Every structure is written in C-alpha cells, then in structure tokens.
Amino acid sequence: MKSPLRLTGVGLRPQHYADFLEAKPAVAWVEVHSENYLQPPVNALNNLEKIRKNYPVSMHGVGLSLGSADELNWQYLHKLKELITRIDPCLISDHLSWSSINGQYLHDLLPLPYTEETMAHLVARIKQVQDYLQRQLLIENISSYVSFSQSTIPECEFINEVAAQTGCGILLDVNNVYVSGLNLGFDTNDYISKINANAVQEIHLAGFIVNTVDGKDVLIDSHSRAVVPAVWELYRETIKLLGRKPTIVEWDDNIPSIDTLFLEAQRAETIMRESYDTAKLTG
Ligand SMILES: [Fe+2]
C-alpha cells in the first residue's frame with residue numbers, strides 16, 4: 051500500500067474524478083481550476099463536493115486579471131465567492147499577470163512591467179479582492195516569454211513587496227521560475243534565494259516543452275509532461291532555502307494515469323523529507 055503523502059497534492063482534473071471517488075489516492079490535498087466550477091455542468095460540482103469530503107481543496111484561478119487596467123470583474127468575483135462558500139477551500143490563488151483589455155479576455159496570462167506604478171495598482175486591487183472575499187489570496191509568478199524594458203524591480207523583489215503591502219501570500223511556481231529564467235536570462239537560484247520564505251504558502255511543479263523560434267530555444271509552460279530533472283533540482287534547492295511547503299503537481303495536457311501523477315507527487319514529498327533531514331543534520 052502506498053504511504054499517504056503529508057504535504058503534496060495534485061491538480062484535480064475530470065479524468066480522475068472516478069479515481070478520487072473510488073480508489074482515493076493517498077495525496078495530501080487537491081487543487082482545482084476555479085473557473086471550471088463557476089458555471090459547471092452539475093455533475094462536475096457534485097463530484098467536487100463529494101471529493102471535498104475526503105481531501106482539502108485549493109481553488110486556483112486565472113480570471114482575476116489583477117494587473118489589468120480594466121475594472122475588477124465583480125460578476126466573476128461574486129461567483130467566486132459563492133464557490134468559496136460552497137467548497138470552503140484551504141487556499142485561494144490567482145496570478146501576477148493581466149489577461150483582459152476593454153472587457154475582452156485573452157487566453158494567456160500576460161506579464162507586467164515591474165514598476166512602482168504597477169505595484170500601486172496591483173496592491174490596491176489585491177486589497178479590494180481580499181476585502182470582498184474575506185479571504186487571503188495567494189499570488190503566483192507566471193512563466194514569461196518577454197519582459198518590459200520599463201521594469202525597474204526584479205520580479206522576485208516585486209512579488210515580495212506585493213505580499214508585504216497586501217498581506218497576500220505567494221504561490222511559488224518553481225517550474226515557472228525555471229522557464230522564465232531560461233527564456234529571459236536570469237539566475238533561477240538567485241531568484242529563489244531572494245523570495246520571502248514566510249510569504250510562500252504553496253509551491254507548484256509542472257512540465258514544460260521546448261520550441262525553437264528563429265533558431266532560439268523557447269521554453270513553453272505546457273503542463274503536458276513530467277517535471278524535468280533540472281526543475282526537480284531547483285525544487286530541492288527551493289525546499290532547502292524556504293523550508294517544506296505544501297506542493298501541487300500540475301498536469302493539464304496529455305494527462306496521465308492517476309498512478310503516474312501520484313508518483314510525481316511522491317517524488318516531491320521525498321525531496322521535502324530528504325531536504326528537511328539534510329537541513330537537520332547540517333543546521
Ligand atoms: Fe502554476
């Protein structure tokens with residue numbers, strides 16, 4: 051029998067509803083995409099409510115468009131709050147990004163210029179959202195393919211400061227740090243070492259693919275394959291630096307069997323245990 055994981059969970063996708071309802075894999079928690087349950091087929095919400103009886107559920111969204119110059123979408127927030135009341139999630143998160151303009155939503159999470167002006171805008175909006183939901187929000191660093199020449203603050207410092215000024219938490223996606231670091235040319239270990247450990251309440255892991263554009267390799271955050279060895283190493287370093295953190299393995303395309311997904315989660319749990327033991331021996 052598989053020993054139960056204590057801190058590591060997986061993204062819950064419809065392909066695995068039956069596994070979670072019947073075999074009950076021994077993961078510590080699950081995370082859902084909030085948008086899939088705001089106007090869901092009744093079946094989806096019923097399944098989630100049943101699974102919720104056996105697992106803590108985190109609600110991870112892409113719809114807040116926190117960095118946009120558009121008004122906050124109060125209709126969306128109202129539905130999100132209803133879902134929060136119904137599911138009572140352990141964590142609620144969205145992204146350090148924007149994805150709407152003049153009310154039109156794009157399919158991507160787009161990067162922001164990291165300036166004092168953007169900071170003030172984000173801080174005000176995150177406070178509004180937290181006040182309305184009466185819950186703390188976690189903000190996730192995205193995978194970036196371009197950056198703004200106007201940026202004056204490194205992303206790691208920017209996200210720390212947003213958390214300090216709003217009381218929001220950080221959802222540190224280690225794969226996104228790796229993808230952005232290689233695409234934009236920053237030092238990923240340096241980034242992780244500067245993140246405020248106390249603000250990090252969750253970590254994400256996922257797999258990426260590599261596309262060649264104009265002769266240059268571009269890492270694409272596809273969530274379509276297993277976590278790559280270099281990201282496992284960065285995760286190990288992250289745990290050493292930040293301590294053990296609740297972790298979710300995300301997998302959204304070419305979704306594998308629940309057993310494969312469980313093995314990925316188990317690997318993260320093992321790294322957490324080993325890193326903790328090492329820290330105890332050397333600390
Ligand atoms: Fe993520």
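In the working numbering, the protein residues as written are 51 to 333.
Every residue, glycine too, gets a C-beta built ideally from N, C-alpha and C.
All of these numbers come straight from a predicted model, not from anything done at the bench.
*Rounded to a whole number of angstroms, what is the C-alpha to C-alpha distance between I189 and P296?*
Within the sequence shown, the letter at position 139 stands for residue 189. Within the sequence shown, the letter at position 246 stands for residue 296. Roughly 15 Å separates the two Cα atoms.
_Which of the three DSSP states is assigned to E319 in this structure?_
The count along the sequence shown starts at 1 and reaches residue 319 at position 269. When DSSP states are grouped into helix, strand and coil, E319 belongs to the helix group.
_According to DSSP, G61 sits in a beta bridge with which residue or residues?_
Along the sequence shown, read from residue 1 onward, the residue named residue 61 stands at position 11. Paired residues: E81.
*Looking at C-beta atoms only, is the number of pairs between the region 317-325 and the region 82-100 that lie closer than 8 Å three or more?*
no
*asked:* Closest to K103 by C-alpha separation, out of S150, K74, G61 and G111, would be which residue?
replied: For this step, residue 103 is matched to residue 53 along the sequence shown. Nearest C-alpha to K103: K74.
*Is it right to say P54 is buried, meaning 16 or more other beta carbons lie within 10 angstroms of its own, or is it exposed?*
Taking the sequence shown and counting its residues from 1, one reaches residue 54 at position 4. P54 is exposed by the Cβ-count criterion.
*Residues bridged to N266 by DSSP?*
What you label residue 266 is simply residue 216 of the sequence shown in a count that begins at 1. According to the sequence provided, residue 266 is Lys. The question's Asn does not apply to it. Note: K266 sits in a beta bridge opposite V263.
_List, from N- to C-terminal side, the beta strand (DSSP E) runs of 3 residues or more that fit wholly inside the region 111-146._
Qualifying beta strand (DSSP E) stretches, in chain order: 141-145.
*Looking only at its own chain, which residues have a Cβ that is under 6 Å from the Cβ of L62, when we skip the five neighbours before and after it?*
Locating residue 62 in the sequence shown gives position 12, where the first residue counts as 1. Here the set comprises V80 and V82.
_Taking 7 Å as the cut-off, is the beta-carbon of H66 closer than that to any non-hydrogen atom of ligand 1?_
As a first step, residue 66 is located in the sequence shown; it is residue number 16 there, counting from the start. No, Cβ of H66 sits at least 7 Å from all heavy atoms of ligand 1.
*Sheet register partners of D223 (DSSP bridge)*: For the purposes of this step, residue 223 is taken as residue 173 along the sequence shown, with counting starting at 1. DSSP lists H254 as partners of D223.
_Residues sharing a beta bridge with S108, DSSP_ = As a first step, residue 108 must be located in the sequence shown, where it is residue number 58. Bridge partners of S108: E81 and L141.
_Y228 beta carbon less than 8 Å from that of L284_ = For the purposes of this step, residue 284 is taken as the residue at position 234 of the sequence shown. For the purposes of this step, residue 228 is taken as the residue at position 178 of the sequence shown. Contact: yes.
*Assess, as a yes-or-no matter, whether the region 157-168 is touched by the region 201-221 under the definition of 3 or more beta carbon pairs within less than 8 Å.*
These segments touch.
*Whose CB is closer than 5 Å to a heavy atom of ligand 1? List the residues in chain order.*
D223 and H254
*According to the Cβ coordinates, are F95 and Y105 closer than 8 Å?*
Taking the sequence shown and counting its residues from 1, one reaches residue 95 at position 45. Taking the sequence shown and counting its residues from 1, one reaches residue 105 at position 55. Contrary to the premise, residue 95 reads as Leu rather than Phe in this sequence. For L95 and Y105, no; Cβs fall outside 8 Å.
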